Amino acid sequence: MCNTTEKCDENNNHVWYFGKSSRAPDGYIFRCRRCRGTKSIRVGTFFEQSHLPLSAIFEIMYYWSREEDSIKQIMHEAEVGSNTTVVDWKNFCRDICAEYFLRNPAQIGGPGHIVEIDESCFGKR
Numbered sequence: 123m124c125n126t127t128e129k130c131d132e133n134n135n136h137v138w139y140f141g142k143s144s145r146a147p148d149g150y151i152f153r154c155r156r157c158r159g160t161k162s163i164r165v166g167t168f169f170e171q172s173h174l175p176l177s178a179i180f181e182i183m184y185y186w187s188r189e190e191d192s193i194k195q196i197m198h199e200a201e202v203g204s205n206t207t208v209v210d211w212k213n214f215c216r217d218i219c220a221e222y223f224l225r226n227p228a229q230i231g232g233p234g235h236i237v238e239i240d241e242s243c244f245g246k247r
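Basically the numbering used here = 1-based index in the sequence shown + 122.
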């Protein structure tokens with residue numbers, strides 16, 4: 123989900139190294155040893171536009187993957203103050219998975235296997 127190396131913007135021959143930083147909001151940063159430039163570890167990921175701490179995002183993603191439906195519980199565990207934020211991230215996770223399976227269709231079931239689908243799981247988008 124996050125890169126561990128990046129190319130330097132100043133010179134593509136330079137490589138950014140992943141390292142700890144007490145000044146970075148997430149505690150980690152990319153640093154170029156040659157030009158001494160720095161940039162966020164979120165660059166080039168779907169976390170780039172979010173202001174939430176990565177720990178909160180990972181908590182929300184964890185509870186989403188466990189099908190936890192209680193927004194209040196997720197807000198408490200992830201220390202997020204807005205139920206809209208939790209709902210938005212849950213929808214984002216769903217959309218990422220839907221996009222993946224639209225691009226990479228997979229067959230379920232097969233000869234001799236019955237697949238049951240609960241129609242209540244399908245809603246409007």
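Yeah, the Cβ is synthetic: ideal placement off N, Cα and C, and Gly gets one too.
All figures in this text were calculated on a predicted structure; none of them were measured in a lab.
message = Quick check on Thr207: buried or exposed, where buried means 16 or more other Cβ atoms within 10 Å of its Cβ?
response = By one-based count along the sequence shown, residue 207 stands at place 85. Answer is buried; the Cβ neighbour count reaches 16.
inquiry  = Quick check on Arg158: does DSSP put it in helix, strand or coil?
reply    = Within the sequence shown, residue 158 is the residue found at index 36, counting from 1. In the three-state DSSP reduction, Arg158 falls in the coil class, being neither helix nor strand.
request  = Report the three-state DSSP secondary structure of Phe214 (helix, strand or coil).
outcome  = As a position in the sequence shown, residue 214 is number 92, starting the count at 1. Helix.
key: Bridge partners - Arg153, DSSP secondary structure assignment   = Indexing the sequence shown from 1 puts residue 153 at position 31. Arg153 is bridged by DSSP to Tyr139, Thr160.
key: Beta-bridge pairing of His235 - partner residues as DSSP gives them   = Translated into the one-based positions of the sequence shown, residue 235 becomes position 113. Beta-bridge pairing links His235 to Gly232.
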